[in-house]
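Novice:
Written as structure tokens, this is what we have:
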């Protein structure tokens, strides 16, 4: 997606001369007084820390537009704007034309979709009945841009499930006849996979784009934290895509977030702060943002940190990912952790040449356990054990086949037989060799690799060493008082 196209989309999104749908203000109750925040763009971010009422504000807006009460303490009471050349005030003007609204708690909806997919034994039949559509042009560009991937082909099937709660809006007391969800298939230069093999963040990105592109023109889209599981680059890509889609389809998009990316990708006039009034329990307020610095303390960004972890290969990448996210508590919640794979010599060189006084991010190189001859170094550490993680994992599974068998949902005897067939092969190919020997081609190499590493980390000594490594990484991140400006 060209920067010029994004800039042009933002220009039109911020046009005050819009003659179609445009929500211009949100009115809220401030301890008995009705106050308002102005809306100056088709894409508005509601920013605030966890628990301040962002979700409640979005749900209240949905209830107002759907002409029903939302029974919560959200202060939002009225929306003003224009639609097809006429001003509206909702809920005050009962005669106004109906405005379509779509609400989505993206993480909840994607989790629901994935759960349904994995429980459906006849999913392939549903896909066949739905047919598939190859995405081209902007449809494909949006997904590549947000997922930060160079897909060579993307197709989608819109699967209809009868007699189930819809997934595009907050569940309520009304019954819905059917729900629709997207099932994606993608091809990259190295592999092909579908929704069943997608990472959660990747699926969230795809689902959010699908939802916006599928919406009718002149729709209000309310997205609850659509960027929660995305990388920093993907978050920026999502914001770019929102502007282009909102401009193309004349949508009004409101999304909640507690990340920093909207501060950099959007103007102050596109941002709305959601916060809790001091000393008043559950009193949520809204405010227009005049300076980005207004957001630093409410978003708890004063201690925002970035940590770059360099490892040797994809096996080590999976191992360190599980160690960091399983053994480091909430590290990933306040530190932007990026894990990059490279050869062992590159890891050492990069760590040695990285500026020691960098104010951008901290860095640590983590080598395999068989590389301990490099010795001790403040920015260099080692994975548990004395061997390559995949080699060590293969040895562990040979001795404890029942651990991996339980994860794969098969009998341990099948693991034993498979190990006898492939035990002589190069351990670097162990995940693919094991998949072939077990005949489980429906599971991706990435999933099998993850389960193999997870089995190895259940070993008591390896687990203890992993926790010590996680503690050292945590200490390194904590020692860097990086500020956001």
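In my numbering, the protein residues as written are 37 to 521. In this text, a Cβ means the ideal position worked out from N, Cα and C, and glycines have one as well.
(1) At the level of alpha carbons, what is the spacing between residue 166 and residue 194?
(2) Give, in chain order, every unbroken run of the alpha helix (DSSP H) that is at least 4 residues long and sits entirely within the stretch 264-343.
(3) If you draw a straight line from the C-alpha of residue 285 to the C-alpha of residue 390, how long is it?
(4) How is residue 431 classed by DSSP in three states: helix, strand or coil?
(5) Report buried or exposed for residue 364, applying the criterion of at least 16 other Cβ atoms within 10 angstroms of its Cβ.
(6) Are residue 335 and residue 325 close, meaning C-beta to C-beta below 7 Å?
(7) Need the endpoints of the alpha helix (DSSP H) that residue 490 sits in, please.
(8) With the cut-off set at 7 Å, would you say residue 307 and residue 81 are in Cβ contact?
(9) Alpha carbon to alpha carbon, how far is residue 490 from residue 178? Give it in angstroms, no decimals.
(10) For residue 506, does the three-state DSSP call read helix, strand or coil?
(11) Closer than 8 Å is the cut-off here; do at least three beta carbon pairs connect the stretch 237-245 with the stretch 85-93?
(12) Output yes or no for whether 7 Å exceeds the beta carbon distance between residue 473 and residue 454.
(13) Do the CB positions of residue 98 and residue 258 come within less than 7 Å of each other?
(14) Contact defined as beta carbons within less than 8 Å: I believe residue 187 pairs with residue 222. What is the distance between those atoms, to the nearest angstrom?
(15) How many angstroms separate the CA atom of residue 56 from the CA atom of residue 144?
(16) Bridge partners for residue 69 per DSSP, in chain order?
(17) So, helix, strand or coil for residue 61, using DSSP?
(18) Please give the ranges of any alpha helix (DSSP H) in the stretch 168-202, keeping only runs that are unbroken, at least 4 residues long and fully inside the region.
(19) Check the C-beta distance from residue 440 over to residue 487 and give it rounded, since I have them as a contact under 8 Å.
(20) Within a Cβ cutoff of 6 Å, which residues of the same chain sit near residue 176, ignoring the five residues on either side of it in sequence?
(21) Compute the beta-carbon to beta-carbon distance between residue 115 and residue 170, rounded to the nearest angstrom, for a pair I have assumed lies under 8 Å.
Specialist: If we stick to the structure as given:
(1) The residue labelled residue 166 in the question sits at position 130 within the chain shown. The residue labelled residue 194 in the question sits at position 158 within the chain shown. Going from the Cα of residue 166 to the Cα of residue 194 covers about 6 Å.
(2) 268-285 and 297-301
(3) For the purposes of this step, residue 285 is identified with residue 249 of the chain shown, where counting begins at 1. For the purposes of this step, residue 390 is identified with residue 354 of the chain shown, where counting begins at 1. Residue 285 and residue 390: Cα-Cα distance of roughly 45 Å.
(4) As a working mapping, residue 431 is identified with position 395 in the chain shown. Here residue 431 sits in helix by DSSP.
(5) Position 328 of the chain shown, counted from the start, is the residue given in the question as residue 364. That one is buried.
(6) Sequence index remark: in the chain shown, residue 335 carries index 299 (1-based). Sequence index remark: in the chain shown, residue 325 carries index 289 (1-based). Cβ distance not < 7 Å, so residue 335 and residue 325 don't count as in contact.
(7) Counted from its first residue, the chain shown places residue 490 at position 454. Segment 481-492, the alpha helix (DSSP H) holding residue 490.
(8) Translated into the one-based positions of the chain shown, residue 307 becomes position 271. Translated into the one-based positions of the chain shown, residue 81 becomes position 45. Yes, Cβ-Cβ distance for residue 307 and residue 81 is below 7 Å.
(9) Position 142 of the chain shown, counted from the start, is the residue given in the question as residue 178. Position 454 of the chain shown, counted from the start, is the residue given in the question as residue 490. In a straight line, the C-alpha of residue 178 is about 34 Å away from that of residue 490.
(10) Reading the chain shown from its first residue, position 470 is the one you call residue 506. In this structure, residue 506 counts as helix in the three-state DSSP scheme.
(11) no
(12) For this step, residue 473 is matched to residue 437 along the chain shown. For this step, residue 454 is matched to residue 418 along the chain shown. In contact: residue 473 and residue 454 (Cβ atoms closer than 7 Å).
(13) Reading the chain shown from its first residue, position 62 is the one you call residue 98. Reading the chain shown from its first residue, position 222 is the one you call residue 258. In this structure, residue 258 lies closer than 7 Å to residue 98 by Cβ.
(14) Taking the chain shown and counting its residues from 1, the one referred to as residue 187 is at position 151. Taking the chain shown and counting its residues from 1, the one referred to as residue 222 is at position 186. Contact holds; Cβ gap of about 5 Å.
(15) Here residue 56 is taken as the residue at index 20 of the chain shown, counted from 1. Here residue 144 is taken as the residue at index 108 of the chain shown, counted from 1. Their backbone Cα atoms lie some 31 Å apart in a straight line.
(16) Taking the first residue of the chain shown as position 1, residue 69 is located at position 33. Partner(s): 66.
(17) Stepping through the chain shown from its first residue, residue 61 is reached at position 25. Residue state, collapsed to three classes: strand.
(18) 173-183
(19) Here residue 440 refers to the residue found at position 404 when the chain shown is read from its first residue. Here residue 487 refers to the residue found at position 451 when the chain shown is read from its first residue. About 6 Å; that satisfies the 8 Å criterion.
(20) The count along the chain shown starts at 1 and reaches residue 176 at position 140. Once the five neighbours on either side are set aside, the close Cβ partners of residue 176 are 190.
(21) The residue labelled residue 115 in the question sits at position 79 within the chain shown. The residue labelled residue 170 in the question sits at position 134 within the chain shown. Their Cβ separation, rounded to whole angstroms, is 39 Å, which puts residue 115 and residue 170 out of contact at 8 Å.
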